[in-house]
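Everything below concerns the one structure shown next.
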């Protein structure tokens with residue numbers, strides 16, 4: 003299993019450009035999350051999804067959009083990049099849809115290795 | 239407002255000693271608490287989970303305590319090794335939706 007895969011690993015954008023950060027997981031997890039991490043700070047939740055077709059805002063959703071058309075994929079879209087969006091973005095997943103731990107509410111989150119985004 | 243605090247200063251210890259990291263929270267009644275390890279350039283990796291009705295949890299050289307009266311969790315690494323050097327994050331879950339709120343992390347440096 004690859005776990006949670008994020009692409010690209012690095013990107014530089016100009017102010018006002020748009021891009022999509024890709025995230026895919028192969029663990030049959032219902033829940034997926036997007037966080038941003040600024041230097042020396044904890045992770046802040048941007049958006050999350052509890053299953054295909056369902057998304058909701060987290061703590062810092064402004065300037066971002068998400069979609070969840072399949073269980074595996076949860077892309078994050080930046081429409082008009084701003085310098086304040088320079089950060090490291092992490093995608094995570096949890097809650098297996100099947101198997102021994104299906105339905106338990108205390109499962110850990112599995113993270114990808116992040117996308118480092120600079121907006122200049 | 240809800241706050242989770244970890245010591246932002248790096249913790250430097252000698253190999254073989256016990257490292258103790260602190261996570262304090264305010265205005266929170268978490269259902270459970272998780273600890274993650276993060277290496278430079280990598281995503282966090284889950285280490286341990288402790289529930290609000292548990293006082294202590296162990297896994298190999300790791301031990302976590304959870305004091306809901308003090309609103310504090312302590313994370314211990316016994317017989318520390320240079321390979322334990324990393325940033326350690328605590329995260330609280332307030333309800334059953336598994337939404338995590340993270341502290342800022344503490345960087346641990348274990349010197350040989």
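Residue numbers (my numbering), protein chains in the order written: chain A, 3 to 122; chain B, 239 to 350. Backbone N, C-alpha and C fix where the C-beta goes; we use that ideal spot for every residue, glycine too. This structure is a prediction, so every number in the text was calculated from the model and none was measured.
Counting along the chain, residue 38 of chain A sits inside the beta strand (DSSP E) bounded by residues 31–39. In this structure, the beta-carbon distance from residue 6 of chain A to residue 27 of chain A falls below 7 Å.
Under the 10 Å beta carbon count, residue 120 of chain A is surrounded by fewer than 16 other beta carbons and is classified as exposed.
In the same chain as residue 265 of chain B, and ignoring 5 residues on each side of it, the C-beta atoms closer than 7 Å to its own belong to 239, 240, 241, in chain order. As the crow flies, the alpha-carbon of residue 90 of chain A is around 24 Å from that of residue 286 of chain B. When the five nearest sequence neighbours on each side are left out, the beta carbons in the same chain lying within less than 7 Å of the beta carbon of residue 323 of chain B are those of 346, 347, 348, in order along the chain. Linking residue 54 of chain A to residue 252 of chain B through their CA atoms gives a straight-line distance of about 48 Å.
Across the set B:249, B:331, B:344, B:318, the C-alpha of B:318 shows the shortest separation from the C-alpha of residue 350 of chain B. By the CB criterion at 7 Å, residue 269 of chain B and residue 290 of chain B fall inside the cutoff. Going by DSSP, residue 53 of chain A is part of the beta strand (DSSP E) stretching over 45–53.
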